[in-house]
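Structure record follows, encoded as structure tokens.
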Ligand SMILES: NC(=O)c1ccc[n+]([C@@H]2O[C@H](COP(=O)([O-])OP(=O)(O)OC[C@H]3O[C@@H](n4cnc5c(N)ncnc54)[C@H](O)[C@@H]3O)[C@@H](O)[C@H]2O)c1
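Residue numbers (the working numbering): 7 to 262.
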């Protein structure tokens, strides 16, 4: 019998979500907290992160914050070590979701911004996956990794060459890691949000936003709340035979 209460139960799981001070990461961390997980949120916005964590702790959730710069490898080492201390050495779910967007025409794209986007959107993802595997592979229960892709894992986008390259790479990285880990009790999948109403898209012109809305069959932009169901599925035993999938959460944008 498929007991959904048991299969989707994530209570007691130890999790890391990067970028948790706002936006989609915050929504995904909240889904885990609301369902009984212990979650370490990591973000570069120290004060905002602290406020978010205090708010959750005030609600009785087991939330912890580790602030730092995920574009910096030494800082990643420090942040991960601190998170593992807070989680008593256990890690069941990793969501390396922090990401940034930079817009310039390709011929004008500053190379230092290229490096920054790749460092955050791709390199921090691999480095944390590697560190997480070091823990998860030693746990009899294994673990779950949920990467965050994008519509530009398929499309080209406009004026976002670094972002598109990074999200295409995250998609392929997810598949590569999934193949190597599927037989070892680790599920690695990705969620590909469509157009989501967060600060990342705040700098789009109203004209471009309206054009985009018309292209979304669901008739609206997505929200952090829309990420919650897919995250709980991928974080739970309900997805134990799902590996290397890239799941759009996009109101049918991709298939139109
Ligand atoms: N909003 C969308 O339409 C959309 C669509 C597809 C994918 N995504 C992806 O979802 C993820 C979350 O995006 P969002 O829309 O919530 O964006 P957001 O800008 O609202 O949030 C990103 C978070 O990452 C943090 N961050 C950025 N650089 C960091 C660094 N160097 N170190 C630590 N933290 C850092 C920010 O402080 C922020 O809290 C990203 O990977 C993004 O690419 C977003």
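Even for Gly, the Cβ is constructed at its ideal location relative to N, Cα and C.
These figures come from a predicted structure and were not determined experimentally.
Proximity test, residue i beta-carbon vs ligand 1 heavy atom, cut-off 7 Å
| i | result |
| --- | --- |
| residue 135 | no |
| residue 50 | yes |
| residue 28 | yes |
| residue 76 | yes |
| residue 205 | yes |
| residue 105 | yes |
| residue 164 | no |
| residue 174 | no |
| residue 62 | no |
| residue 152 | no |
| residue 254 | no |
| residue 222 | no |
| residue 24 | yes |
| residue 193 | no |
| residue 167 | no |
| residue 129 | no |
| residue 201 | yes |
| residue 101 | no |
| residue 126 | yes |
| residue 156 | yes |
Nearest candidate by alpha-carbon position, reference residue i, set the options
| i | options | result |
| --- | --- | --- |
| residue 196 | 68, 252, 147 | 252 |
| residue 9 | 95, 138, 254, 244 | 244 |
| residue 198 | 228, 63, 223, 64 | 228 |
| residue 248 | 232, 221, 236 | 236 |
| residue 40 | 88, 67, 128 | 67 |
| residue 46 | 13, 193, 19 | 19 |
| residue 38 | 49, 53, 62 | 62 |
| residue 108 | 206, 241, 234, 256 | 206 |
| residue 50 | 239, 78, 201 | 78 |
| residue 48 | 130, 65, 42, 11 | 130 |
| residue 176 | 156, 162, 163, 191 | 156 |
| residue 262 | 233, 161, 193 | 161 |
| residue 200 | 12, 13, 30 | 30 |
| residue 218 | 231, 260, 15 | 260 |
| residue 153 | 15, 135, 222, 163 | 135 |
| residue 4 | 93, 191, 242 | Residue 4 cannot be examined here, being either before or after the span of the chain that is shown, 7 to 262. |
| residue 256 | 250, 13, 225, 240 | 225 |
| residue 86 | 137, 15, 110, 127 | 137 |
| residue 32 | 231, 240, 7, 239 | 231 |
Residue i Cβ short of 7 Å to ligand 3 heavy atom set
| i | result |
| --- | --- |
| residue 31 | Ligand 3 is not part of this structure, which contains only ligand 1. |
Touching by the beta-carbon criterion (3+ pairs, under 8 Å), the region 161-174 and the region 120-129: yes
Inter-stretch contact (C-beta, 8 Å, three-pair minimum) for the region 171-190 and the region 206-214: no
Inter-stretch contact at 8 Å, needing at least 3 Cβ pairs: the region 184-198 / the region 56-65: no
Completely contained beta strand (DSSP E) runs for the region 68-150, where each covers 3 or more residues: 68-73, 99-101
The region 131-146 touching the region 85-105, judged by at least three CB pairs closer than 8 Å: yes
Cβ contact (3+ pairs, closer than 8 Å) linking the region 99-108 and the region 21-29: yes
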